[in-house]
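Peer 1: Residue numbering for the sequence shown follows the working numbering, beginning at 8 and increasing consecutively. What follows is a single structure, and I will ask about it in a moment.
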Amino acid sequence: MKITNTIKISLAGLRANKLRSALTMLGIVIGITSIILVVSIGNGAQNLILGEIQSMGSRTLTIDPGKPSSGFSDSMMSFFQQSLKDKDLDALKKKSNVPHLSSIIPLVFTQDNIIYENESYSGTILGSSEKITDFYKINMASGYFFSEDDVKAKADVAVIGSKIKEDLFGMSDPLGKKIRIKNKTLKIIGVLPEKGGGFSFNYNKAVMVPYTTAKDYILGQKHYNEFIIEVDDEKYITQTVDDIKITLRNSHNITDPEKDDFNVQTQKDLMKTVGTVTSVLTLFLAMVAAISLLVGGVGIMNVMFISVTERTKEIGLRKALGATNGDILSQFLYEAVFLTLSGGLMGILFGAGLSYIAAIALSGSMSSTWQFTFPMSAAMSGIITSAIIGIVFGIYPAYQASKKNPIEALRYE
8 MKITNTIKIS LAGLRANKLR SALTMLGIVI GITSIILVVS IGNGAQNLIL
58 GEIQSMGSRT LTIDPGKPSS GFSDSMMSFF QQSLKDKDLD ALKKKSNVPH
108 LSSIIPLVFT QDNIIYENES YSGTILGSSE KITDFYKINM ASGYFFSEDD
158 VKAKADVAVI GSKIKEDLFG MSDPLGKKIR IKNKTLKIIG VLPEKGGGFS
208 FNYNKAVMVP YTTAKDYILG QKHYNEFIIE VDDEKYITQT VDDIKITLRN
258 SHNITDPEKD DFNVQTQKDL MKTVGTVTSV LTLFLAMVAA ISLLVGGVGI
308 MNVMFISVTE RTKEIGLRKA LGATNGDILS QFLYEAVFLT LSGGLMGILF
358 GAGLSYIAAI ALSGSMSSTW QFTFPMSAAM SGIITSAIIG IVFGIYPAYQ
408 ASKKNPIEAL RYE
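Written out as structure tokens, the structure is:
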């Protein structure tokens, strides 16, 4: 029998049982949709973070606590290390130790409630130096930013983001008013303009205070979460990295580089680390989503077995009219492949639509530009996987159908 006739018969069989065909495809649709959605959001997150890193400038270095990251687990563990102390900050500031260091910004941060009278807002508390305004090009919507003198004096002052101002103060002017974080009362001296939220830090939902105030009075800790360093010339990046490592090793009494308890990263290093972490997370989530494809494949096999049983008389009649075992096998195998391919295509469309909606929602919630990306590789993989599932899970029911005896099939009730 010609292939075209077999295909027509297969499609006619699927159209005759539309509800069953739709329910059979459902597992494949859900699986492919989930994979497209996960990969698209993962790519969007990666692009956003990499964009933030690039905006920091090519002369930027970061120093994080913990040993140099060799993988995902090391990257996560660095958040819990306490190896960067005041003595390290003082040592790095010495021109004789790091001659090409242009500026250094110590950072401490946490998430906590910001309280004004009877109102409360959960936001980010960021302790930094006054230099962060130049580094991140921060302008003020009203008031002024804290000064170097405020940092030295551990002043009880704060600059709040636009979202905090809106939620705690509404239309009233917050300048001069006082908020409380833990047991520390802070006077508001400035309000930040509404700014893109970004992935790692959202200015709109943050309170910025002198790092000395945050470290000693709010957090009550003796370590820093990060140092941001700017080099005076891009050509001295490598030399500055070496100078920083020597300085910190001397400060920590480390003689073996393998025992470093700090991690110096250039922009290139940061981008590589971010790419690795987001790719691993995306792959893991995609694999979890792919389990539904396996479930969908088992469902297709079960439905095909039911279909073979229900259509026993049809099989017997076709064989009596001259259809071969190969024709019957092809018919049912085509049906399985058509079901999975159709489910795969629908899953891609639904996944792309949901990914686009998610990108819009994330852009709004984070006050940043979250780019929608269509993962072409995931879509192609989905189509190929759907076809393979149709063949693998459809071959046995199709084989069973092709082996039926025509006489016994015609007698089947």
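Note that beta-carbon positions come from the ideal geometry of N, C-alpha and C, so glycine has one too.
Using only the alpha-carbon positions, how far apart do M83 and P106 sit?
Peer 2: Here residue 83 refers to the residue found at position 76 when the sequence shown is read from its first residue. Here residue 106 refers to the residue found at position 99 when the sequence shown is read from its first residue. Since pLDDT at M83 reaches only 48, below the 50 mark, its modelled position is unreliable, and no value is offered.
Peer 1: Which parts of the region 193 to 262 are runs of the alpha helix (DSSP H), unbroken and 4 residues or longer, counting only runs that do not cross its ends?
Peer 2: 244 to 259
Peer 1: Are at least three pairs of beta-carbons, each pair with one atom in the region 243 to 253 and one in the region 181 to 197, less than 8 Å apart?
Peer 2: no
Peer 1: Pair every Cβ in the region 28 to 36 with every Cβ in the region 380 to 388, then say whether three or more of these pairs are closer than 8 Å.
Peer 2: no
Peer 1: Using the DSSP secondary-structure output, state which residues sit across from A165 in a beta bridge.
Peer 2: The sequence position of residue 165 within the sequence shown is 158, counting from 1. Its beta-bridge partners are I195.
Peer 1: Whose CA, out of T380, G351, L352 and G350, lies closest to the CA of K364?
Peer 2: Within the sequence shown, residue 364 is the residue found at index 357, counting from 1. Position check: residue 364 holds Ile in this sequence, whereas Lys was assumed. It is T380 whose Cα lies nearest to the Cα of I364.
Peer 1: Which whole-angstrom value is the C-beta distance of V36 and P382, which I expect to be below 8 Å?
Peer 2: In the sequence shown, the residue the question calls residue 36 occupies position 29. In the sequence shown, the residue the question calls residue 382 occupies position 375. In fact, because the Cβ distance is near 17 Å, the residues do not count as touching under 8 Å.
Peer 1: Smallest Cα separation from V166: which of L175, M147 and E155?
Peer 2: Residue 166 sits at position 159 when you count from the first residue of the sequence shown. Selected option, being the one with the closest Cα: M147.
Peer 1: On the three-pair Cβ rule with 8 Å, is the region 111 to 119 touching the region 227 to 237?
Peer 2: yes
Peer 1: So, with DSSP's three-state summary, where would you put L182?
Peer 2: For this step, residue 182 is matched to residue 175 along the sequence shown. In the structure shown, L182 sits in coil (DSSP, three-state: anything other than H, G, I, E or B).
Peer 1: According to DSSP, which residues form a beta bridge with S41?
Peer 2: Numbered from its first residue, the sequence shown carries residue 41 at position 34. The partner list for S41 (beta bridge, DSSP) is empty, contrary to what the question assumes.
Peer 1: Which same chain residues end up closer than 8 Å to L348 when comparing Cβ atoms and leaving out the 5 residues on each side of it in sequence?
Peer 2: Taking the first residue of the sequence shown as 1, we reach residue 348 at position 341. Only I390, S393, A394 and G397 meet the Cβ criterion.
Peer 1: Just to confirm the assignment, what range does the alpha helix (DSSP H) spanning F269 have?
Peer 2: Walking along the sequence shown from the start, residue 269 turns up at place 262. Taken as a continuous stretch (DSSP letters only), F269 belongs to no alpha helix (DSSP H), being part of the beta strand (DSSP E) at F269 to T273.
Peer 1: Compare the beta carbon distance of S169 and E137 with 7 Å and say whether it is the shorter of the two.
Peer 2: As a position in the sequence shown, residue 169 is number 162, starting the count at 1. As a position in the sequence shown, residue 137 is number 130, starting the count at 1. Cβ distance not < 7 Å, so S169 and E137 don't count as in contact.
Peer 1: Just tell me which of G49, L361, Q118 and G350 has its CA closest to the CA of G38.
Peer 2: Within the sequence shown, numbered from 1, the residue matching residue 38 stands at position 31. Comparing Cα-Cα distances from G38 to each of G49, L361, Q118 and G350, the minimum goes to G350.
Peer 1: Is T117 helix, strand or coil when you go by DSSP?
Peer 2: For the purposes of this step, residue 117 is identified with residue 110 of the sequence shown, where counting begins at 1. It is a strand residue.
Peer 1: Please classify K275: is it buried, with 16 or more other beta-carbons within 10 angstroms of its beta-carbon, or exposed?
Peer 2: Your numbering for residue 275 matches position 268 in the sequence shown. K275 comes out exposed.
Peer 1: Give every residue of the same chain whose Cβ lies closer than 7 Å to the Cβ of D95, excluding the five residues on either side of it in the sequence, and list them in chain order.
Peer 2: Position 88 of the sequence shown, counted from the start, is the residue given in the question as residue 95. Cβ neighbours of D95 within its own chain (closer than 7 Å, five residues either side excluded): L255 and S258.
Peer 1: Given a cut-off of 7 Å, decide if H230 and Q89 are closer than it, judged by their beta-carbon atoms.
Peer 2: For the purposes of this step, residue 89 is taken as residue 82 along the sequence shown, with counting starting at 1. For the purposes of this step, residue 230 is taken as residue 223 along the sequence shown, with counting starting at 1. Yes, the pair counts as a contact, with Cβ atoms nearer than the cut-off.
Peer 1: For the beta strand (DSSP E) that contains I139, what are its first and last residues?
Peer 2: What you label residue 139 is simply residue 132 of the sequence shown in a count that begins at 1. Per DSSP, I139 belongs to no beta strand (DSSP E); it is in the alpha helix (DSSP H), I139 to F142.
Peer 1: Considering only residues of the same chain and omitting the five flanking positions on each side of R66, which have a CB-CB separation below 8 Å?
Peer 2: For the purposes of this step, residue 66 is identified with residue 59 of the sequence shown, where counting begins at 1. Once the five neighbours on either side are set aside, the close Cβ partners of R66 are S109, E237, V238, D239, D240, E241 and I244.
Peer 1: Tell me which residue opens and which closes the alpha helix (DSSP H) that L99 is part of.
Peer 2: As a first step, residue 99 is located in the sequence shown; it is residue number 92 there, counting from the start. Its alpha helix (DSSP H) spans residues D93 to K100.
Peer 1: Cutting at 8 Å between CB atoms, please list the residues of its own chain near I307, excluding the five before and the five after it.
Peer 2: Along the sequence shown, read from residue 1 onward, the residue named residue 307 stands at position 300. The residues are T31, G34, I35, A343, L346, T347, I396, G397, F400 and G401.
Peer 1: From K15 to I335, what distance separates their C-alpha atoms?
Peer 2: On the sequence shown, position 8 is the one that residue 15 refers to. On the sequence shown, position 328 is the one that residue 335 refers to. Computed Cα separation, rounded: 13 Å.
Peer 1: Quick one: what does DSSP say S149 is sitting in, helix, strand or coil?
Peer 2: What you label residue 149 is simply residue 142 of the sequence shown in a count that begins at 1. In the structure shown, S149 falls within a strand segment according to DSSP collapsed to helix, strand and coil.
Peer 1: Could you say which of I261, E265 and K252 lies nearest to Q272 if we only look at CA atoms?
Peer 2: Translated into the one-based positions of the sequence shown, residue 272 becomes position 265. Nearest C-alpha to Q272: K252.
Peer 1: With a threshold of 16 other CB atoms inside 10 Å of the CB of K97, please say whether the residue is buried or exposed.
Peer 2: On the sequence shown, position 90 is the one that residue 97 refers to. The amino acid occupying residue 97 in the given sequence is Asp; Lys does not appear at that position. Counting every other CB atom within 10 Å of its CB across the protein chains shown gives D97 a total below 16, marking it as exposed.
Peer 1: Please tell me whether T285 and G49 are closer than 7 Å, where the distance is taken between their beta carbons.
Peer 2: For the purposes of this step, residue 285 is identified with residue 278 of the sequence shown, where counting begins at 1. For the purposes of this step, residue 49 is identified with residue 42 of the sequence shown, where counting begins at 1. Yes, they are a contact pair.
Peer 1: At what residues does the beta strand (DSSP E) containing E126 begin and finish?
Peer 2: Your numbering for residue 126 matches position 119 in the sequence shown. Taken as a continuous stretch (DSSP letters only), the beta strand (DSSP E) holding E126 covers E126 to S135.
Peer 1: If you draw a straight line from the C-alpha of G73 to the C-alpha of D268, how long is it?
Peer 2: Translated into positions along the sequence shown, residue 73 becomes position 66. Translated into positions along the sequence shown, residue 268 becomes position 261. Rounded to whole angstroms, G73 to D268 spans 5 Å at the Cα level.
Peer 1: At which residues does the alpha helix (DSSP H) containing V158 begin and terminate?
Peer 2: Residue mapping note: residue 158 aligns to position 151 of the sequence shown, counting from 1. Counting along the chain, the alpha helix (DSSP H) containing V158 begins and ends at E155 to A160.
Peer 1: Give me, in chain order, the residues of the same chain whose beta-carbon lies closer than 8 Å to that of T11; leave out the 5 immediate sequence neighbours on both sides.
Peer 2: Sequence index remark: in the sequence shown, residue 11 carries index 4 (1-based). Taken in chain order, the list of residues that qualify is empty.
Peer 1: For K172, count neighbouring Cβ atoms within 10 angstroms of its own Cβ and tell me buried if that reaches 16, exposed if not.
Peer 2: Along the sequence shown, read from residue 1 onward, the residue named residue 172 stands at position 165. Burial call: buried.
Peer 1: Roughly how many whole angstroms lie between the Cα atoms of M178 and P75?
Peer 2: On the sequence shown, position 171 is the one that residue 178 refers to. On the sequence shown, position 68 is the one that residue 75 refers to. Cα-Cα distance, rounded: 47 Å.
Peer 1: I believe A359 touches I132 by the beta-carbon criterion, under 8 Å. Please report the beta-carbon distance rounded to the nearest angstrom.
Peer 2: Position 352 of the sequence shown, counted from the first residue, corresponds to residue 359. Position 125 of the sequence shown, counted from the first residue, corresponds to residue 132. About 39 Å separates the beta carbon of A359 from that of I132, a gap too long to meet the 8 Å contact definition.
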